[in-house]
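K.L.:
Just remember that the working numbering sits 683 ahead of the position in the sequence shown, which is counted from 1.
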Amino acid sequence: MSKLKIAIQKSGRLYDESLQLLKDCGIFINNGKDQLKVSVDNFPMEIMYLRNSDIPQYLEDGVVDIAIVGENLLAEKQKNIEVVQPLGFSKCRVSLAVPKEIETDEISYFQGKKIATSYPNTLKSFLDKNNISADIHIISGSVEIAPNIGLADGICDIVSSGSTLFKNGLRETVTILTSEAVLAKTFKLDKEKTGILEKFLFRIKAVLKAKNSKYILMNVPNDKIGEVSKALPVLKSPTVIPLAEEGWSSIHSVINEARFWEVIDELKDKGAQDILIIPIDKMVI
684 MSKLKIAIQK SGRLYDESLQ LLKDCGIFIN NGKDQLKVSV DNFPMEIMYL RNSDIPQYLE
744 DGVVDIAIVG ENLLAEKQKN IEVVQPLGFS KCRVSLAVPK EIETDEISYF QGKKIATSYP
804 NTLKSFLDKN NISADIHIIS GSVEIAPNIG LADGICDIVS SGSTLFKNGL RETVTILTSE
864 AVLAKTFKLD KEKTGILEKF LFRIKAVLKA KNSKYILMNV PNDKIGEVSK ALPVLKSPTV
924 IPLAEEGWSS IHSVINEARF WEVIDELKDK GAQDILIIPI DKMVI
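(1) Is leucine 756 helix, strand or coil by DSSP?
(2) Which complete beta strand (DSSP E) runs does the region 745 to 810 hold, if anything under 3 residues is left out?
(3) Kindly list the residues whose CB is nearer than 7 angstroms to the CB of glycine 837, restricted to its own chain and excluding five residues on each side of it in sequence; keep chain order.
(4) Identify whether serine 973 lies in helix, strand or coil by the three-state DSSP scheme.
(5) What does glycine 837 pair with, by DSSP beta-bridge criteria?
(6) Just tell me which of Gly852, Glu786 and Leu806 has its CA closest to the CA of isoleucine 981.
(7) Could you give the distance in angstroms between the alpha-carbon of alanine 914 and the alpha-carbon of leucine 872?
(8) Roughly how many angstroms separate the alpha carbons of valine 911 and proline 962, rounded to a whole number?
(9) Just to confirm before moving on: does the CB-CB distance between leucine 770 and valine 865 stay below 7 angstroms?
(10) Can you tell which of Thr858, Ile859, Glu827 and Ala835 has the C-alpha that lies nearest to the C-alpha of asparagine 851?
(11) Could you tell me whether the Cβ atoms of serine 701 and isoleucine 751 are closer together than 7 angstroms?
(12) By Cβ distance below 7 angstroms, which residues in the same chain neighbour valine 946 in space, the five residues on each side in sequence not counted?
(13) Expressed to the nearest angstrom, what Euclidean distance is found between the alpha-carbon atoms of isoleucine 934 and methionine 901?
(14) Going along the chain, which unbroken runs of the beta strand (DSSP E) with 3 or more residues stay wholly within the region 878 to 922?
(15) Of the residues Gly930, Ile968 and Val903, which one's Cα is nearest the Cα of glutamate 949?
(16) Taking the C-alpha atoms as reference points, what is the distance between valine 767 and isoleucine 887?
(17) Assign glycine 709 to buried or exposed, taking buried as 16 or more other Cβ atoms, counted over all protein chains shown, within 10 Å of its Cβ.
(18) State the CB to CB distance for the pair alanine 889 and valine 967, rounded to an integer number of angstroms; the pair is presumed to be in contact (CB under 8 angstroms).
(19) Helix, strand or coil for alanine 867? Go by DSSP, reduced to three states.
(20) In terms of residue numbering, what span does the beta strand (DSSP E) encompassing leucine 985 cover?
(21) Quick check on the DSSP output: the alpha helix (DSSP H) that includes lysine 850 runs from which residue to which?
(22) Since leucine 687 contacts phenylalanine 883 with CB under 8 angstroms, what's their CB separation in whole angstroms?
(23) Taking only the alpha-carbon atoms, compute the straight-line gap between threonine 861 and glutamate 881 and give it to the nearest angstrom.
(24) Give me the residue from Cys839, Gly909 and Glu784 with the minimum Cα distance to glutamate 759.
(25) Would you report the Cα separation of proline 921 and tyrosine 898, rounded to the nearest angstrom?
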């Protein structure tokens, strides 16, 4: 049987979260020290630890079948590959930043200026779209130091919390693109490997659905069950269990994390009491 070859970053911000996702999907890795390719006992998969910047090319060439990679890197490398699933972690943005004493946030500030970046293609595309002509200096690392040593008037770099910019006397002005980790695939997958990918995606979606949902239990007067049920939109229908106390029932359902407090307030207003919230490990719909 064929094995699906997946690439993940061998070090850096995506490494730990990628391994955690595989673990949550029930994929057990025989991970020997310093191995760059490892096998999986309980799923037809082979894991390759690669340098982050090499992954898009390996995908396009079909050396690996799928990869966990940042959208920002895919936008920069511009390879012929397909994103099949956003993963919701390692969120960041590619932004322009200037020395904190520069007061304007206008893109026009960069007209004729020098910009240091590790994302020249992304930056050039953005500048061209906004009719800005600037001198792009390509730097492979420590981009934030460029304005302090006189190499550039501003930078274009990846930003998460913004703390690194602050420590280097810079401030963010314009967001070029937002990014998160995604599962991407080559266009060279055969039918058998496509079937394995579909099984893997099924597991990923069950994990992601669980992370974005909470299991909820509450006690509700019987005459309020209809109203309370309407406030629980995630599942087809809540579970209703009569309590020992006459006139009351226990309702079990699932709510979306994004609307958590909004839903809780609505449930209380409709008569729900003794509300319990429980994390969900997996959620198969």
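Positions of the beta carbon are idealized from the N, C-alpha and C atoms, including for glycine.
P.N.:
From the atom records:
(1) Here leucine 756 sits in helix by DSSP.
(2) You should have 749 to 753, 765 to 769, 775 to 782 and 797 to 800.
(3) Only Leu779, Ala780, Val781, Phe793, Lys796, Ile798 and Pro830 meet the Cβ criterion.
(4) A question about residue 973 goes unanswered here, because the residues of the chain that appear run from 684 up to 968.
(5) Answer is Ile798, bridged to glycine 837.
(6) The first residue shown for the chain is 684 and the last is 968, placing residue 981 beyond what the model contains.
(7) Put simply, the backbone Cα of alanine 914 is about 43 angstroms away from that of leucine 872.
(8) One Cα belongs to valine 911, the other to proline 962, and the distance between them is close to 21 angstroms.
(9) Here leucine 770 is near valine 865, since their CB atoms are less than 7 angstroms apart.
(10) Restricting attention to Thr858, Ile859, Glu827 and Ala835, the CA atom closest to the CA of asparagine 851 is found in Glu827.
(11) Remark: C-beta atoms of serine 701 and isoleucine 751 approach each other more closely than 7 angstroms.
(12) These residues qualify, in order along the chain: Ala914 and Ile938.
(13) Between the alpha carbons of isoleucine 934 and methionine 901 lies a distance of about 5 angstroms.
(14) Scanning the region 878 to 922 for uninterrupted beta strand (DSSP E) segments of 3 residues or longer gives 896 to 904, listed from N- to C-terminal end.
(15) Considering only Gly930, Ile968 and Val903, the residue with the shortest C-alpha distance to glutamate 949 is Val903.
(16) Taking the straight line joining both Cα atoms gives about 11 angstroms.
(17) Exposed: under 16 other Cβ atoms inside 10 Å.
(18) Contact holds; Cβ gap of about 5 angstroms.
(19) DSSP places alanine 867 in strand when its eight states are reduced to three.
(20) Limits of the chain in this structure are 684 at one end and 968 at the other, which puts residue 985 out of reach.
(21) Bounds of the alpha helix (DSSP H) holding lysine 850 are 846 to 850.
(22) The Cβ separation is near 7 angstroms, so the contact holds.
(23) Looking at the two C-alpha atoms, the distance is approximately 27 angstroms.
(24) For the options Cys839, Gly909 and Glu784, the alpha carbon positioned closest to that of glutamate 759 is the one of Cys839.
(25) Rounded to the nearest angstrom, the gap between the Cα atoms of proline 921 and tyrosine 898 is 11 angstroms.
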